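K.L.:
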Amino acid sequence: ATASGALGAGLLSQALLDGGLAPVEAYRAIVIGYALIGIVMVVVVLIGQLKPAAVALWASVMFAEAALARFRTRPLLRRMADGEVAADWARRTAPHYLSFGLAWGSLPLFTLTGDHPSAIWLTTVITLAVLTVFVVTTSAHRRMFLLGLVGLNAPLGLAVGLSDAAPARLLPLLIAYVGITALVHDALHSSIVGSMRSRRAAERLAERLNEFVEARDPATQLLNRRSFIAHLDHALADRGGQVITVEVANVR
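Read left to right, the sequence shown gives residues 252 to 503 (the numbering used here).
Pasting the structure below:
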């Protein structure tokens, strides 16, 4: 299922790009499609576990959260599509990760109105699966992961604590799983951030090396004519003075 989904998403993305759609719009279409399919699948599974009214209410919450996120990030995506670098990207999108976590984490709360005893297990597994995906999608941003983690687990822990159908061992298992995901995210985050810092350091070193090579004579490693004139103009602009030039010809 994962391989088929990845292949289908890749083919669809390429088809959208070939059709003239901008990369940001194609990415948005894929993400929205994944979200809709996921919500529909969860609704289909939960119909036999929860009351229809509870399923409809949760689906409404999810669609409202998705619409709110799209409205909140639309100006930011437009700026990114125009080639602008949004410096406040992390701050602007952070509330979305909290609301996303709260929306998915609230799913087990709807089992409190259900009659099926396995509903709390099923919804907990679904929520933890979302948390697992969340670890990967936010691996470069620790603040977003923490906001999503709090949003997911606050209502989930409340539902497990209030549910009569939840066994006593479920809460310790939940705590252990959350701890493991936090450790995995920390390892991924450290690896990605370390790789990004190493790449930036290598780029800065390459720029300085290029500047050194362009400013020096390859044979003597002294300043070449262009660099000498640039240094001379800078010195004259700062301190003033006069320059005497002597041209020596036929040097052996």
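The beta-carbon is built from N, C-alpha and C at its ideal position, and this holds for glycine as well.
Please read these numbers as outputs of a predicted model, since none were measured by experiment.
For Ile371, does the count of other Cβ atoms within 10 angstroms reach 16, so buried, or fall short, so exposed?
P.N.:
Within the sequence shown, the letter at position 120 stands for residue 371. It counts as buried.
K.L.:
Which value, in whole angstroms, describes the spacing of the CA atoms of Gly289 and Thr378?
P.N.:
Against the sequence shown, residue 289 aligns to sequence position 38. Against the sequence shown, residue 378 aligns to sequence position 127. So the alpha carbons of these two residues sit roughly 12 Å apart.
K.L.:
Return helix, strand or coil for Arg467, following the three-state DSSP convention.
P.N.:
The count along the sequence shown starts at 1 and reaches residue 467 at position 216. Residue state, collapsed to three classes: strand.
K.L.:
In angstroms, rounded to a whole number, what distance separates the CA positions of His482 and Gln472?
P.N.:
As a first step, residue 482 must be located in the sequence shown, where it is residue number 231. As a first step, residue 472 must be located in the sequence shown, where it is residue number 221. Whole-angstrom Cα-Cα distance: 16 Å.
K.L.:
So for Leu407, helix, strand or coil by DSSP?
P.N.:
Reading the sequence shown from its first residue, position 156 is the one you call residue 407. The answer is helix: DSSP assigns Leu407 an H, G or I state.
K.L.:
For Val494, tell me which candidate among Ala419, Ile480, Leu439, Pro423 has the shortest Cα-Cα distance.
P.N.:
On the sequence shown, position 243 is the one that residue 494 refers to. Here the closest residue by C-alpha is Ile480.
K.L.:
If the criterion is Cβ atoms closer than 8 Å, does the pair Pro466 and Leu474 meet it?
P.N.:
As a first step, residue 466 must be located in the sequence shown, where it is residue number 215. As a first step, residue 474 must be located in the sequence shown, where it is residue number 223. Pro is not the amino acid found at residue 466; the sequence shown has Ala there. In contact: Ala466 and Leu474 (Cβ atoms closer than 8 Å).
K.L.:
Kindly indicate which three-state DSSP category Leu301 falls into: helix, strand or coil?
P.N.:
Mapped onto the sequence shown, residue 301 falls at position 50. In the structure shown, Leu301 sits in coil (DSSP, three-state: anything other than H, G, I, E or B).
K.L.:
Have a look at Ala507 and Leu382 and give me their C-alpha separation to the nearest angstrom.
P.N.:
Examination of residue 507 is not possible in this model, given that the chain is present from 252 through 503 alone.
K.L.:
Decide yes or no for the touch test of the stretch 442-458 against the stretch 396-406: beta carbon pairs closer than 8 Å, at least 3 of them.
P.N.:
Judged by Cβ distances under 8 Å, the stretch 442-458 makes no contact with the stretch 396-406, as fewer than three pairs qualify.
K.L.:
Let's test the definition: count the other Cβ atoms within 10 Å of the Cβ of Met447 and tell me whether it reaches 16, buried, or not, exposed.
P.N.:
By one-based count along the sequence shown, residue 447 stands at place 196. Exposed: under 16 other Cβ atoms inside 10 Å.
K.L.:
Taking just the CA atoms, how far does Gly259 sit from Gln265?
P.N.:
Taking the sequence shown and counting its residues from 1, the one referred to as residue 265 is at position 14. Taking the sequence shown and counting its residues from 1, the one referred to as residue 259 is at position 8. Computed Cα separation, rounded: 10 Å.
K.L.:
Compute the distance between the beta-carbons of His347 and Arg393, then report whether it is under 8 Å.
P.N.:
Here residue 347 refers to the residue found at position 96 when the sequence shown is read from its first residue. Here residue 393 refers to the residue found at position 142 when the sequence shown is read from its first residue. No. Outside cutoff.
K.L.:
What ranges does the alpha helix (DSSP H) occupy inside the stretch 421-494, keeping only unbroken runs of at least 4 residues that lie completely in it?
P.N.:
Counting whole runs of 4 or more residues, the stretch 421-494 contains the alpha helix (DSSP H) stretches 421-466, 476-490.
K.L.:
If the criterion is Cβ atoms closer than 8 Å, does the pair Val296 and Ala354 meet it?
P.N.:
Here the question's residue 296 lines up with position 45 in the sequence shown. Here the question's residue 354 lines up with position 103 in the sequence shown. No, these two residues do not count as a Cβ contact at 8 Å.
K.L.:
My understanding is that Pro406 touches Leu363, with C-beta atoms under 8 Å, so please give their C-beta distance in whole angstroms.
P.N.:
Counting from 1 along the sequence shown, the entry for residue 406 is found at position 155. Counting from 1 along the sequence shown, the entry for residue 363 is found at position 112. That pair is no contact at about 11 Å.
K.L.:
Got a sec, what are the start and stop residues for the alpha helix (DSSP H) Val497 sits in?
P.N.:
The count along the sequence shown starts at 1 and reaches residue 497 at position 246. Careful: Val497 lies outside any alpha helix (DSSP H) and carries neither H nor E.
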